[in-house]
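Heads up: the structure comes next, in structure tokens.
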Amino acid sequence: MRVWFNQWFSTAYHLIELMRSGSPGKITFVGSSANPNALYRLVSDEWHTEPTLPVSDEYVEYCLEFCKRNKIDVFFPRRGLTLLSRHMEEFRAAGTILAAGGDYKIMRLLDDKAATYAFFEARDASLVPAHLVAGTYEEFCAAYETLRPHCRRVCCKLTKDEGAETFRVIDDTLLRSGDVRRKPGMKLTWDMMRTIVRGYDFSVPFMLMPYLEGQEISVDCLRTPGGEIIIPRFKTNHRYSEVRFDEEIVEKCRTMMNLLQMDVPINIQFKGDGEKYFLLEINPRMSGGLQLSCLATGVNVPDIALSQLLGKEKPWQYPDRSRVYRVANLETPKQLGA
């Protein structure tokens with residue numbers, strides 16, 4: 406069996422190793438990226454450097470031809486995931502199972518943060534935080550002025566974003582003189598933000614909301630015939646995360662999973678305001694920290710997901726759900742070669 410990962414995060418290194426441990430000696434892993442030094446090249450049995458192409462019909466054609474030429478059985482896309490999901494039947498006709506949500510409308514919905522919020526707000530308003538969408542510079546300024554009196558800080562991001570690339574916190578406390586220990590990071594003053602946004606074309610709208618000061622939770626989920634796998638991973642201010650089976654979070658995820666009806670791994674992110682947790686976003690793919698959830702619980706989600714795509718059910722069970730499991734990534738040097 407041949408499994409392809411295209412242009413993934415470096416943590417695909419761990420996802421491939423988890424699949425390999427579940428089916429030793431049975432899988433050939435094919436990796437590709439436009440970056441020839443991508444870390445998961447080290448655990449790929451075959452490697453291909455992709456041409457530089459935009460996410461477009463041309464990239465879909467490239468992926469289809471790649472699958473045919475390299476006899477790919479299962480394709481786990483990251484780059485172009487939503488667009489590729491529209492062509493699932495074409496991949497199936499080419500002999501490839503595409504690991505993507507079965508409904509393109511749902512995939513497109515999850516690709517748009519504002520549309521995702523509207524979808525869940527219409528079904529349960531308590532799931533999403535207060536937010537406003539801005540399609541012009543004037544609407545952006547008006548949204549900020551509306552939200553600012555009701556919170557300490559406002560944050561914003563584009564409605565189409567991955568990995569918090571466009572996420573910014575508007576923080577005028579940066580103006581306090583002499584506090585050299587404050588790290589700006591993704592923070593901008595209101596004047597700085599206005600200067601940047603004034604020159605933006607708003608081809609993709611902004612979403613603004615109160616900056617939630619509480620804990621962030623990344624939940625790794627998968628629907629299986631044996632029930633929903635739901636593993637909440639609470640992020641801390643330290644180098645470790647805590648897997649805790651918080652019933653409120655588990656039930657929120659179960660509700661969302663039932664609405665989405667997706668039989669591939671998804672990642673649901675929440676953040677708290679000190680009193681309750683709100684949905685941040687949903688990624689319809691394996692998360693960058695999934696290996697932590699698997700280590701904490703002993704549930705090999707990537708292997709279970711791969712088996713399901715092939716029509717095979719693998720048994721699994723939770724560990725003691727009353728315990729807290731602390732897990733951390735250990736950074737270690739790896740030589741990529743010349």
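Going left to right, the sequence shown walks through residues 406 to 743 as the working numbering numbers them. Just so you know, even glycine gets a beta-carbon here, dropped at the ideal spot from N, CA and C. Being a predicted model, the structure only gives us computed values, none of them experimental.
{"Query": "Determine contact between the stretch 470-478 and the stretch 492-511, defined as no fewer than three beta-carbon pairs at a distance below 8 Å.", "Result": "yes"}
{"Query": "Does the distance from the C-beta atom of ARG690 to that of ARG446 stay below 8 Å?", "Result": "no"}
{"Query": "Taking the DSSP output, what are the residues bridged to TYR645?", "Result": "ALA733"}
{"Query": "For GLY632, which beta-bridge partners are listed by DSSP?", "Result": "THR629"}
{"Query": "Quick check on the burial criterion: 16 or more other C-beta atoms within 10 angstroms. Buried or exposed for LYS592?", "Result": "buried"}
{"Query": "By Cβ distance, which residues of its chain are closer than 8 Å to ALA758, with the 5 residues on each side in sequence left out?", "Result": "The question about residue 758 has no answer here: the residues shown for the chain are numbered 406 through 743."}
{"Query": "Residue range of the alpha helix (DSSP H) that ALA527 falls in?", "Result": "Careful: ALA527 lies outside any alpha helix (DSSP H) and carries neither H nor E."}
{"Query": "For VAL655 and ILE622, I'd like the C-alpha separation in whole angstroms.", "Result": "11 Å"}
{"Query": "Within 10 angstroms of the Cβ of LYS657, are there 16 or more other Cβ atoms? Answer buried if so, exposed if not.", "Result": "buried"}
{"Query": "Closest by CA to GLY568, which one among ARG731, ASP725 and TRP413?", "Result": "TRP413"}
{"Query": "Assuming ASP576 contacts GLY619 (C-beta within less than 8 Å), just tell me the rounded distance between them.", "Result": "With 8 Å as the limit, ASP576 and GLY619 do not qualify as a contact, their Cβ atoms being about 17 Å apart."}
{"Query": "If the criterion is Cβ atoms closer than 8 Å, does the pair VAL479 and LEU711 meet it?", "Result": "yes"}
{"Query": "Anyone know if the C-beta pair for ASN672 and VAL624 falls short of 8 Å?", "Result": "yes"}
{"Query": "Just to confirm the assignment, what range does the beta strand (DSSP E) spanning THR454 have?", "Result": "451-454"}
{"Query": "Helix or strand or just coil, what does DSSP make of CYS556?", "Result": "coil"}
{"Query": "According to DSSP, is ASN440 part of a helix, a strand, or is it coil?", "Result": "coil"}
{"Query": "Run the proximity test for ARG603: is its beta-carbon closer than 7 Å to any non-hydrogen atom belonging to the ligand ATP?", "Result": "In the structure shown, the ligand ATP is absent, as is every other ligand, since no ligand is present at all."}
{"Query": "Within 10 Å of its beta-carbon, does LEU515 have 16 or more other beta-carbons around it, so buried, or fewer, so exposed?", "Result": "buried"}
{"Query": "Give me the DSSP bridge partner(s) of PRO482.", "Result": "ASN411"}
{"Query": "If you draw a straight line from the C-alpha of THR457 to the C-alpha of ARG581, how long is it?", "Result": "44 Å"}
{"Query": "Quick one: measure Cβ to Cβ for ILE634 and VAL559, integer angstroms, because I've assumed they're closer than 8 Å.", "Result": "Their Cβ separation, rounded to whole angstroms, is 35 Å, which puts ILE634 and VAL559 out of contact at 8 Å."}
{"Query": "Give the range of the alpha helix (DSSP H) segment to which GLU495 is assigned.", "Result": "493-498"}
{"Query": "Any idea what DSSP makes of THR433, helix, strand or coil?", "Result": "strand"}
{"Query": "List the whole-angstrom C-beta distance separating THR702 from VAL669, where the pair is believed to meet the contact cut-off of C-beta under 8 Å.", "Result": "Going by Cβ atoms, the distance from THR702 to VAL669 rounds to 19 Å, so no, they are not a contact pair."}
{"Query": "Would you call PRO429 buried or exposed, if buried means 16 or more other Cβ atoms sit within 10 Å of its Cβ?", "Result": "exposed"}
{"Query": "DSSP three-state call for ASN705: helix, strand or coil?", "Result": "coil"}
{"Query": "For GLY679, does the three-state DSSP call read helix, strand or coil?", "Result": "coil"}
{"Query": "Helix or strand or just coil, what does DSSP make of ILE671?", "Result": "strand"}
{"Query": "For the putative contact between PHE639 and THR541, defined by C-beta atoms under 8 Å, what is the C-beta separation to the nearest angstrom?", "Result": "Not quite, the Cβ-Cβ distance comes to about 38 Å (not below 8 Å), so this is no contact."}
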